[in-house]
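From first to last, the protein sequence lines stand for chains A and B. Anchor point for the first sequence: position 402 equals 401 in numbering that gives the first Met the number 0, and the numbering is continuous, going up by one each time. Anchor point for the second sequence: position 61 equals 60 in numbering that gives the first Met the number 0, and the numbering is continuous, going up by one each time. Below is one structure, written out as structure tokens; the observations come after it.
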Amino acid sequence: MELYRNKLSIPFFILSLALLMIGLTFGFIGSVQYLVPDFLKEWISFDKVRPLHVSSVVFWILVTAMGSVITFLQEHIGGSIKYPPLLKAQFWVFAITFLLIIISYFLGIFGGREYWEFHPYFAFPIAFGWLLFIINVFSSIKNFRNQPVYVWMWLTGLVFFLFTYIESNLWQILWFRKEIIHDMTIQWKSYGSLVGSWNMLIYGSSIYLMDKISGNQKYSYSSIAFALYFLGLLNGMFNWGHHIYTLPTHHFVKHIAYIISMTELILIARIIYLWKDSLTTAKMHKHLRSYQFIIAADVWVFITLILAILMSIPALNVYMHGTHVVVAHTMGATIGINTMLLFAYIFDVIKDSTINEKIFKIGYRIIQISLPIFFLSLLSAGIYKGFWQMQEQHLIYGSMLKKLKPAFLLFSSSGFFLVLGFFMIIFIALKSLLFIYSSKNKI
Amino acid sequence: MFSDKYKLIVLIFLSISFLFYSFYLYKKPPHETENATALEMEGKMIWQKKKNCTSCHQLYGLGGHLGPDLTNITQRRTTPQIEAFLKNGINQMPNFNLSQHEMEALISFLTAVNKSGNGDPRTYKLYIDGTISQ
Ligand code: HEM
Numbered sequence: 000m001e002l003y004r005n006k007l008s009i010p011f012f013i014l015s016l017a018l019l020m021i022g023l024t025f026g027f028i029g030s031v032q033y034l035v036p037d038f039l040k041e042w043i044s045f046d047k048v049r050p051l052h053v054s055s056v057v058f059w060i061l062v063t064a065m066g067s068v069i070t071f072l073q074e075h076i077g078g079s080i081k082y083p084p085l086l087k088a089q090f091w092v093f094a095i096t097f098l099l100i101i102i103s104y105f106l107g108i109f110g111g112r113e114y115w116e117f118h119p120y121f122a123f124p125i126a127f128g129w130l131l132f133i134i135n136v137f138s139s140i141k142n143f144r145n146q147p148v149y150v151w152m153w154l155t156g157l158v159f160f161l162f163t164y165i166e167s168n169l170w171q172i173l174w175f176r177k178e179i180i181h182d183m184t185i186q187w188k189s190y191g192s193l194v195g196s197w198n199m200l201i202y203g204s205s206i207y208l209m210d211k212i213s214g215n216q217k218y219s220y221s222s223i224a225f226a227l228y229f230l231g232l233l234n235g236m237f238n239w240g241h242h243i244y245t246l247p248t249h250h251f252v253k254h255i256a257y258i259i260s261m262t263e264l265i266l267i268a269r270i271i272y273l274w275k276d277s278l279t280t281a282k283m284h285k286h287l288r289s290y291q292f293i294i295a296a297d298v299w300v301f302i303t304l305i306l307a308i309l310m311s312i313p314a315l316n317v318y319m320h321g322t323h324v325v326v327a328h329t330m331g332a333t334i335g336i337n338t339m340l341l342f343a344y345i346f347d348v349i350k351d352s353t354i355n356e357k358i359f360k361i362g363y364r365i366i367q368i369s370l371p372i373f374f375l376s377l378l379s380a381g382i383y384k385g386f387w388q389m390q391e392q393h394l395i396y397g398s399m400l401k402k403l404k405p406a407f408l409l410f411s412s413s414g415f416f417l418v419l420g421f422f423m424i425i426f427i428a429l430k431s432l433l434f435i436y437s438s439k440n441k442i
Numbered sequence: 000m001f002s003d004k005y006k007l008i009v010l011i012f013l014s015i016s017f018l019f020y021s022f023y024l025y026k027k028p029p030h031e032t033e034n035a036t037a038l039e040m041e042g043k044m045i046w047q048k049k050k051n052c053t054s055c056h057q058l059y060g061l062g063g064h065l066g067p068d069l070t071n072i073t074q075r076r077t078t079p080q081i082e083a084f085l086k087n088g089i090n091q092m093p094n095f096n097l098s099q100h101e102m103e104a105l106i107s108f109l110t111a112v113n114k115s116g117n118g119d120p121r122t123y124k125l126y127i128d129g130t131i132s133q
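Laid out in structure tokens, this is it:
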């Protein structure tokens, strides 16, 4: 049974790791273009490199999240997903669509917006594939009563994603795009919630995994778990306005976002309160590879949450908005939290004995050392630009950018090591996954 | 522990509030403006679709981070100057080989963006409670 279950989700992980490799490669190329404006400019300029990087890593996050939900859901219900052929169809819909999107970027065919710059036609297979996913997950759960918090998170994340994804495509109707401020308001509303929805899937899986590692399900049924889940949902639904404080849109959007965002302070307080307990647990399980990634993610939750809360104060946001502080925050969260957790799920599927210990250790260390440097280099570039953009009389843009060269040099070189570390881990993971997939033995 | 009933009530309450909020925002644009011209809409599509200007530039600080914010560019630069940038490219910005008509459309779009508000953070007022006004 275990083999059968794993086999269904393993193609998702193989696909997602391939997407991550593509994403990392273009991230690095982009960072070199920051330094050397003419680097590969004729062949593939930054307007193609950025979407190639950002869309590929977003797909990495989505596809691994799908894989984790499928794997853990089957473990939770103690059986196979209801419609395996539908799951296969879902896999191929996403695999082919993502491949075509990447090819279309190379050809310079765009059409969408930030993060989803692909041609709007691709929105249809993505929504369709997601619908298959929803049908399969909902029909696999036989009894909805008294389910743990992670099942609630998966189910809400799934539905919420479809809603916000459709919302992010509303601009295709003329009414939504004819007034620029209205259009940008809806655009960033949908993006904020979209991220909230995939985080529901990812955090749901991480609660499941923690339960599994600790062998204790008390937390996932507790009131505090549900209270935090609702707090997360509240933020996912209403805090997106902090992206657009500087947009001349409705004032109430900003006030609501400001107030709701501050509720995240509760999370900070909780992390500090539980600090010691977390350390003890960390010591207990640190021999597990999946747990090592969870520890890393915990640290980044703390760092990025503090930065997010600071950015959610409008008067501070004015300094950071439109600068690399935002990039530091986005990549800090998508690498430090999401990517670390996603690797935790992948290494939970891979059984430990098949792993090359040495490469894993070196790769993991390289990532943990280079990521903070990467983050700080972006943060410092952002802070510098933040002060620049608030100065009465400022240098022209080009000269300001030149002053940031040392920060970008650090960004690109730490980025190189980050890519190196990730490639080592990906290599190990892919090798094991391919082995598991092709082996006839039960695992 | 909350029972399923209470959890469901909270979930439904949040979802309905969210839907209400969403549809209110869809229906009510923040500004009542005259309808966009066809040229302006064409320019918007070139901005977002054909040439992906957003990958490097920002409007109201939203977008890529390599090039400058262009919210009020038509206030800062004349049409011939903007056309010169587009024809020659600069640093990472390639020459996009735009036709004269496409450039006119882009500039018409950027003129409309400029009219929609002010994207210069230096002009915002900051208050002690953390809020701002433009
Ligand atoms: C798992 C790894 C990574 C993830 C999930 C990730 C994610 C992202 C995301 C979400 C953005 C959009 C940021 C925003 O708009 O605020 C971004 C931008 C970017 N990333 Fe990454 N990234 C990763 C690794 C890297 C690496 C290793 C490099 C460089 C060596 C890199 C270079 C860049 C560059 C140059 C941009 C564009 C910044 C701009 O001009 O707006 N990324 N990345």
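Glycine included, C-beta positions come from ideal geometry on N, C-alpha and C.
- If the five residues before and after Ser311 (chain A) are omitted, its C-beta is found closer than 8 Å to the C-beta atoms of Asn238, His241, Ala256, Tyr257, Ser260, Met261, Glu263, all from its own chain and listed in chain order.
- Listed by position along chain A, the residues whose Cβ is nearer than 9 Å to that of His100 (chain B) form an empty set, because the closest Cβ is around 19 Å away.
- The beta carbon of Thr36 (chain B) lies closer than 6 Å to none in the same chain, with the five residues before and after it left out.
- Counting of Cβ neighbours within 10 angstroms places His100 (chain B) among the exposed residues, the total staying below 16.
- Within chain A, Tyr244, Thr245, Lys253, Pro313, Ala314, Asn316, Val317 have C-beta atoms less than 9 Å from the C-beta of Ile131 (chain B), given in sequence order.
- A direct Cα-to-Cα measurement between Phe160 (chain A) and Phe58 (chain A) gives close to 14 Å.
- When B:Gly60, B:Leu13, B:Thr53 are compared, the shortest CA-CA separation from Phe45 (chain A) is found for B:Thr53.
- Residue state for Lys124 (chain B) is assigned as strand, using DSSP reduced to three classes.
- When the alpha-carbon of Trp153 (chain A) is set against those of A:Leu173, A:Phe373, A:Ser205, A:Gly128, the nearest one is in A:Ser205.
- Relative to ligand 1, the nearest heavy atom lies less than 7 Å away from the CB of His64 (chain B).
- Interface criterion met: the Cβ of Pro36 (chain A) is under 8 Å from a Cβ in chain B.
- Relative to ligand 1, Met183 (chain A) has its C-beta separated by 7 Å or more from all heavy atoms.
- Counting C-beta atoms within 10 angstroms of its own C-beta, Lys50 (chain B) has 16 or more neighbours from the protein chains shown and is therefore classed as buried.
- By alpha-carbon distance to Ser107 (chain B), the top candidate from B:Leu125, B:Pro29, B:Ile15, B:Glu82 is B:Glu82.
- Annotated three-state conformation of Gln57 (chain B) is strand, per DSSP.
- By the CB criterion at 8 Å, Asn71 (chain B) and Gly118 (chain B) fall inside the cutoff.
- Minimum Cα-Cα distance from Tyr20 (chain B) among the listed residues A:His249, A:Ile361, A:Arg144, A:Ser138 corresponds to A:His249.
- Of the heavy atoms belonging to ligand 1, none sits nearer than 7 Å to the Cβ of His56 (chain B).
- Of all residues in the stretch 69 to 81 of chain B, none has a C-beta nearer than 8 Å to a C-beta of chain A.
- One Cα belongs to Arg121 (chain B), the other to Tyr228 (chain A), and the distance between them is close to 38 Å.
- Under the three-state reduction of DSSP output, Arg76 (chain B) falls in the coil class, being neither helix nor strand.
- Tyr59 (chain B) is not a Cβ neighbour of Val317 (chain A), given a cutoff of 8 Å.
- Contacts with chain A at 8 Å (Cβ-Cβ) include Phe17 (chain B).
- By the Cβ rule, the stretch 421 to 431 of chain A counts as touching the stretch 345 to 356 of chain A, because three or more pairs are nearer than 8 Å.
- Sequence-distant Cβ neighbours of Phe416 (chain A) in its own chain, meaning closer than 7 Å and more than five residues away, are Ile365, Ser369.
- For His52 (chain A), not one C-beta of chain B is nearer than 8 Å to its own C-beta.
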